[in-house]
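Written out below as structure tokens is the structure these notes cover.
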Amino acid sequence: MNVTSLFNENELPLESLVTDGGFVGIFRTIACVGDSLSSGEFESIDDDGKKHYHDLYDYSWGQYIARMAGCKVYNFSKGGMTAKQYIESFAEQRGFWDKELASQAYIIALGVNDLFNQHMPLGSAEDICLEDYTKNAPTFCGYYAAIIQRYKEIQPDAKFFFMTMPSSANEAQNKITEELLALLNKLTEIFSNSYVIDLYNYAPVYDAYFREKFFLGGHMNACGYILTAKMVASYIDYIIRHNMDDFKQIGFVGTPYKYR
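The sequence shown lines up with residues 2 to 261 when you count with this note's numbering.
Put into structure tokens, the structure is as follows:
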């Protein structure tokens with residue numbers, strides 16, 4: 002094996018997909034903060050033609066990653082979740098601020114319901130009060146940053162991965178996703194140990210052909226969720242391999258130890 006091939010400077014994210022979780026396996030605990038996509042949500046239609054929605058967490062991309070990489074993954078998610086609801090009530094109600102659930106890595110995949118369905122203002126970095134997250138402005142950025150700030154209090158050395166939406170055939174949605182990508186990149190400049198999973202530029206376009214294969218109604222089917230797991234794991238594997246110094250002490254996260 003040529004070890005230097007792991008660090009090819011010309012490699013692009015998702016140029017190849019890992020099948021065993023790759024270097025994601027360095028994390029023993031991962032928390033996935035998200036909405037229906039993070040919850041393995043399926044749609045069903047009853048005999049009267051009415052749609053129903055089911056969070057089947059075992060089918061979520063987070064649990065596929067857990068089985069691939071051999072790590073423990075928490076689903077801090079629910080169908081329809083928004084950053085506002087998460088920080089104001091949901092996480093508290095579910096006990097997701099509990100220090101016993103502190104994780105070495107947090108993957109945050111929010112924005113669809115906030116920006117596309119509820120049309121919440123995106124906001125900007127100026128909406129963040131670094132001294133007190135409760136004073137953040139009531140924008141998507143303010144709520145999203147508050148989630149990061151709260152988990153950084155719980156696990157200061159954890160790694161954070163901010164996940165974008167993919168591109169689609171809807172140009173109006175793509176414009177919003179581009180703005181979200183710019184914001185998430187800005188947040189990596191503000192918050193240490195943070196990285197962007199840029200599915201907008203590097204994942205397949207979620208067009209009619211893609212949806213025919215990987216969707217069941219407005220949500221993914223099982224193949225779609227496992228494909229997402231492979232993309233997320235591969236992207237994080239790519240980030241680790243191209244930032245090796247950042248992850249050398251991941252085994253000490255959550256302990257009182259460090260290599261000075």
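In this text, a Cβ means the ideal position worked out from N, Cα and C, and glycines have one as well.
Is it the case that the stretch 59-78 contacts the stretch 218-234, given that we only count it when at least three CB pairs across the two stretches are under 8 Å?
yes
Applying the 10 Å Cβ sphere with the 16-neighbour rule, what's the burial state of residue 204?
buried
With a cut-off of 8 Å, do at least 3 Cβ pairs link the stretch 45-60 to the stretch 19-28?
no
Beta-carbon within less than 7 Å of residue 250's beta-carbon, same chain only, minus the 5 sequence neighbours each way: which residues are those?
259, 260
Note down, in chain order, each residue of its chain lying with its Cβ closer than 6 Å to the Cβ of residue 82, except the 5 sequence neighbours on either side.
36
Look at the Cβ atom of residue 77, then the Cβ atom of residue 238, and state whether they are nearer than 8 Å.
no
For residue 155, report the span of its beta strand (DSSP E) as first-last.
Per DSSP, residue 155 is not a residue of any beta strand (DSSP E); the alpha helix (DSSP H) it occupies stretches across 141-155.
Let me confirm a value: residue 257 is counted as buried when at least 16 other C-beta atoms fall within 10 Å, else exposed. Which label applies?
exposed
Closest Cα partner of residue 163 within the set 9, 44, 84
84
Cα-Cα separation between residue 240 and residue 196, rounded to whole angstroms:
8 Å
According to DSSP, is residue 5 helix, strand or coil?
helix
For residue 188 and residue 147, believed in contact at Cβ under 8 Å, the rounded distance:
Going by Cβ atoms, the distance from residue 147 to residue 188 rounds to 12 Å, so no, they are not a contact pair.
For residue 152 versus residue 87, is the C-beta distance shorter than 8 Å?
Contact flag unset, no.
Leaving aside the five residues before and after residue 194 along the sequence, list all residues of the same chain whose C-beta is less than 8 Å from its C-beta, in chain order.
158, 159, 160, 161, 247
Between which two residues does the alpha helix (DSSP H) carrying residue 78 extend?
Segment 73-78 is the beta strand (DSSP E) holding residue 78; no alpha helix (DSSP H) there.
Might you give, ordered along the chain, the residues of its own chain that have their beta carbon closer than 6 Å to the beta carbon of residue 32, omitting 5 neighbours on each side?
75, 77, 104, 107
Nearest neighbour of residue 131, chosen from 242, 43, 57, 191 [CA to CA]:
191
On the criterion of 16 or more Cβ atoms from any shown chain inside 10 Å, does residue 72 qualify as buried, or is it exposed?
buried
Between the C-alpha atoms of residue 5 and residue 11, what's the straight-line distance to the nearest angstrom?
12 Å
Identify which residue in 236, 94, 166 has its Cα closest to the Cα of residue 184.
166
Using alpha carbons as the reference points, say which of 129, 43, 141 lies closest to residue 114.
141
Which residues does DSSP pair with residue 207 in a beta bridge?
Paired residue(s): 169.
Compare the Cα-Cα distances from residue 117 to each of 155, 79, 178 and report the closest residue.
Considering only alpha carbons, the answer is 178.
Helix, strand or coil for residue 197 per DSSP?
strand
Between 47, 57, 89, which lies nearest to residue 222 when the distance is taken from Cα to Cα?
57
Could you pull out every residue in the same chain whose Cβ sits closer than 6 Å to the Cβ of residue 199, ignoring the five residues on either side in sequence?
165
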